[in-house]
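Quick mapping for you: the protein sequence lines, in order, are chains S and L. With the first sequence counted from 1, adding 3 to any position gets you this note's numbering. So that you can map any letter, position 25 of the second sequence is 24 in this note's numbering, and since no number is skipped, the others follow by simple counting.
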Amino acid sequence: IAGITQAPTSQILAAGRRMTLRCTQDMRHNAMYWYRQDLGLGLRLIHYSNTAGTTGKGEVPDGYSVSRANTDDFPLTLASAVPSQTSVYFCASSDRDYNEQFFGPGTRLTVL
Amino acid sequence: SQKIEQNSEALNIQEGKTATLTCNYTNYSPAYLQWYRQDPGRGPVFLLLIRENEKEKRKERLKVTFDTTLKQSLFHITASQPADSATYLCALDGNNRLAFGKGNQVVVIP
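So, in structure tokens, the structure goes:
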């Protein structure tokens, strides 16, 4: 494969449950990002990682955590899901900060 | 406060005409600006990057301008085709991260 894969494609989750969204890239990009996209609000950055072993908070980090154990994987965890986390989640990567970003196909998450 | 504004109303345009989209920003001093295309149910796809010292950038039927005085970028699709129908997002570097506008939908009518 070439690019970014995300899993699952979609998920319905009960409030209070823990959920990890997976993201894998095979382009050896240093930087990776998680966004959520909501109608009327656009893309908002949740967390980012400039390189393996480092992470940072974006615009809307509350309720989410990430890890970057290696270059390829950047999972996003919702420790205790709430209905306001219903959204479409996109993972992206770039070969260095500020360059063009490559996006995955997205995960549609519904929290009931 | 910082803002990136794109027209929330869809742009309906006849095939063959030039579509022009606007991206205005407030309280940013971006070194560059990017444009992405997003189709329904898919992730955004990078189209063009223009730097602050560049007035204009072209790629095939696409043209982008960047006016740091007006704090505005214009995105043009010349000889538009129905396949150009999509939502177009502008993005610029702000607060050390890429900040996206909400996007502007283009509908090309055959």
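C-beta: ideal position from N, C-alpha, C; glycine also.
Taking 9 Å as the cut-off, the beta carbon of Q104 of chain S is found closer than this to the beta carbon of L97 of chain L. Assigned with DSSP and collapsed to three states, D38 of chain L falls in coil, not helix or strand. For Y36 of chain S, the enclosing beta strand (DSSP E) begins and ends at A34 to D41. In the displayed model, S0 of chain L falls within coil according to three-state DSSP, outside both helix and strand. Shown here for D75 of chain S: same chain residues with a beta carbon closer than 7 Å to its own, the five before and five after excluded, namely T27, Q28 and D29 in chain order. Burial check for L115 of chain S: the Cβ neighbour count within 10 Å stays below 16, so the residue is exposed. In terms of Cα proximity to T57 of chain S, the closest of S:H50, S:V63, S:L46 and S:R71 is S:R71. With 16 or more other CB atoms across the displayed protein chains lying within 10 angstroms of its CB, A18 of chain L is buried.
For Q14 of chain S, not one C-beta of chain L is nearer than 9 Å to its own C-beta. In this structure K54 of chain L touches F65 of chain L by the C-beta definition: roughly 7 Å separates them, less than 8 Å. Scanning chain S for C-beta atoms nearer than 9 Å to the C-beta of K101 of chain L yields G43, L44, G45 and L46, reported in chain order. Per DSSP, A78 of chain L lies in no beta strand (DSSP E) and is assigned neither H nor E. Contact annotation for R96 of chain L against chain S: L48, Y51 and G61 [CB-CB distance below 7 Å, chain order]. The three-state secondary structure of S68 of chain S, taken from DSSP, is strand.
Taken through DSSP and simplified to helix, strand or coil, S7 of chain L comes out as coil.
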